[in-house]
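Visitor: What follows is a single structure, and I will ask about it in a moment.
In our numbering, the protein residues as written are 19 to 95.
Listed below in structure tokens is the structure:
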């Protein structure tokens, strides 16, 4: 008798109890967050200006909040 079935059942129990595995943002939240990200950080032709990850970071934060908060532009100095 090996401990593999016990380990498998423990991993399965952890995955099922995880909130991240059960609750994922839906497509409407992704559309709303993507739209807000492009409103805050408009599209610029690649190569015309230096690019950064601000739009992606904004989108990821919006998705983690599941669109509960309204999209706010970050404060710039």
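Beta carbons: idealized from backbone N, C-alpha and C, even for Gly. Here the structure is a predicted model, which means the values were calculated and not measured.
1. In angstroms, rounded to a whole number, what distance separates the CA positions of residue 43 and residue 64?
2. What is the residue span of the alpha helix (DSSP H) that residue 56 lies within?
3. Under 8 Å, do residue 26 and residue 52 count as touching if we go by C-beta distance?
4. By a C-beta neighbour count over all protein chains shown, 10 Å radius and 16 as the cutoff for buried, is residue 22 buried or exposed?
5. On the criterion of 16 or more Cβ atoms from any shown chain inside 10 Å, does residue 39 qualify as buried, or is it exposed?
Guide: Here's the rundown:
1. 29 Å
2. 45–58
3. no
4. exposed
5. Per-residue confidence for residue 39 stands at a pLDDT of 49, beneath the threshold of 50, marking its modelled position as unreliable; no derived number is given.
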